[in-house]
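J.:
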Amino acid sequence: MEGKRRRFLIQTAGAATGIATALLASRKTEAAPSDTIKPNSVLNVGVGSVLGPDVQMRVSGFERDLPYSLKWANFEASPPAMEALANGHLDIVLGGDTPLLSLATSPGRMVAVQARAQALFAALLVPAGSSIHSVTELKGKRVAVYHGAGFQGSLIRILREAGLRWSDIQPIYLAPGDAMAAFTTGKVDAWGIWDPNAAIAQTQFGASILSVPKPSGYGFQYANANSIADPNKRAMILDYLTRSQRAADWIRTHPAQWAQEVISSSHMPKNAALLSAGRTGGKYTPIDSTLVEDMQREANDFAELGVLPHRVDVRNAFDTRFDPALEKVFHG
Numbered sequence: 002m003e004g005k006r007r008r009f010l011i012q013t014a015g016a017a018t019g020i021a022t023a024l025l026a027s028r029k030t031e032a033a034p035s036d037t038i039k040p041n042s043v044l045n046v047g048v049g050s051v052l053g054p055d056v057q058m059r060v061s062g063f064e065r066d067l068p069y070s071l072k073w074a075n076f077e078a079s080p081p082a083m084e085a086l087a088n089g090h091l092d093i094v095l096g097g098d099t100p101l102l103s104l105a106t107s108p109g110r111m112v113a114v115q116a117r118a119q120a121l122f123a124a125l126l127v128p129a130g131s132s133i134h135s136v137t138e139l140k141g142k143r144v145a146v147y148h149g150a151g152f153q154g155s156l157i158r159i160l161r162e163a164g165l166r167w168s169d170i171q172p173i174y175l176a177p178g179d180a181m182a183a184f185t186t187g188k189v190d191a192w193g194i195w196d197p198n199a200a201i202a203q204t205q206f207g208a209s210i211l212s213v214p215k216p217s218g219y220g221f222q223y224a225n226a227n228s229i230a231d232p233n234k235r236a237m238i239l240d241y242l243t244r245s246q247r248a249a250d251w252i253r254t255h256p257a258q259w260a261q262e263v264i265s266s267s268h269m270p271k272n273a274a275l276l277s278a279g280r281t282g283g284k285y286t287p288i289d290s291t292l293v294e295d296m297q298r299e300a301n302d303f304a305e306l307g308v309l310p311h312r313v314d315v316r317n318a319f320d321t322r323f324d325p326a327l328e329k330v331f332h333g
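Adding 1 to a residue's 1-based position in the sequence shown gives its number in the working numbering.
1. What does the alpha-carbon distance come out to for the pair E299 and G154?
2. Measuring CB atoms only, is the stretch 78–98 touching the stretch 161–174, in the sense that at least three cross pairs come out at less than 8 angstroms?
3. As a quick exercise: from D92, L211, L101, A326, pick the residue whose alpha carbon is nearest that of S132.
4. For I159 versus P214, is the C-beta spacing smaller than 7 angstroms?
5. With three or more beta-carbon pairs closer than 8 angstroms as the criterion, would you say the stretch 188–200 touches the stretch 108–125?
6. If you follow the alpha helix (DSSP H) that I238 is in, where does it begin and where does it stop?
7. By the three-class DSSP mapping on this structure, what secondary structure does V94 have?
8. Cα separation between V136 and M237?
9. Would a C-beta distance cut-off of 7 angstroms place Y285 and Q246 closer than the cut-off?
10. If we require 4 or more residues per run, which alpha helix (DSSP H) segments fall completely within the stretch 148–192?
11. I need the boundaries of the alpha helix (DSSP H) containing I201, first residue and last residue.
12. Within 10 angstroms of the Cβ of E328, are there 16 or more other Cβ atoms? Answer buried if so, exposed if not.
13. Cβ of S107 within 7 angstroms of Cβ of W251?
14. Just to confirm, is the Cβ distance from V112 to D314 under 7 angstroms?
15. Please classify T1: does DSSP put it in a helix, a strand, or coil?
16. When the distance is taken between beta carbons, is G47 closer than 7 angstroms to A87?
17. With distances taken Cα to Cα, identify the nearest neighbour of A208 among P216, N225, V189.
18. By how many angstroms is the C-alpha of K140 removed from the C-alpha of I288?
19. Could you give the C-beta distance for F152 and V146, rounded to a whole number, given that I count them as a contact under 8 angstroms?
20. Using DSSP bridges, identify the partner residues of V112.
21. Go ahead and pull the three-state DSSP assignment for T106.
22. Please name the residue or residues paired with V46 in a DSSP beta bridge.
23. Are the Cβ atoms of S70 and V43 separated by less than 7 angstroms?
Dropping the structure here:
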């Protein structure tokens, strides 16, 4: 499916209200550990990165002895995977935090069911030899970013901290492959991108980091609403969430082994693979009031900067039924 570049459009409606942990906790019933998985079951998982959970689970060993089958669907980035999830073609997708804003405006088809610190390092880059040395100098410049990807929200925060609005730049919406070509041929002035493309741009083309988002943002596991309503799918999803998080933890603590696997499986240059492996994140984070407040601030920023025409209430985008079981595994 690589190369199918469909835009995940952010829609907006409604107005935000205050954050309340109690409302989050009451959204859905807890996923029961006793849920059993039927024989010959299949979980359809979307992958929006060449260094996604499919590779991580295989390398770390957490794909072994599955009581069900995993059917991976690969995409160039998470937005088209999210579209497939919304249309019922997938059960679960790991993506960034920007798609959460769309879910908050039109809840029902999919929800965020697990959170983690941003797994892939991301940065705002400028090409080798660029005369741009500060974010304020981006006013009027062409900045490449994937529309709807997690870094779009990060870019908005970077601009705001520098006193700029979204309207002060010329956003150029490009998929990673097209953006790399535009970036290395001088057709854009800056690029908001994540690893491994960020590492490749730095090590192979001399790109420099102009800014790194602070905080780095979140990654979310997004599930189809019909999938989590089905007991069999729900049991598979809970098992998959646990294995996928354990794989991410293994990757983070074994950078040398991870780099070697990246080199052999994706033919990435060694220096790019080592750079990427040494800055991989993805630590488990509970969906609590702090996280929800962070995401609400991001949603408010989108609205204030004119990216969204209205404010949204992000609580509508979460389903916390899996968190009690995950908390016992990773914070127990």
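Heads up, the beta-carbon is just placed ideally off N, CA and C, and yes, glycines get one too.
T.: So, from the data block:
1. 7 angstroms
2. no
3. L211
4. yes
5. yes
6. 232–254
7. strand
8. 44 angstroms
9. yes
10. 151–162, 177–185
11. 198–206
12. exposed
13. no
14. no
15. In the structure displayed, the chain extends from 2 to 333; residue 1 sits before or after that span and is not available.
16. no
17. V189
18. 36 angstroms
19. 6 angstroms
20. A224
21. helix
22. W73, I93
23. yes
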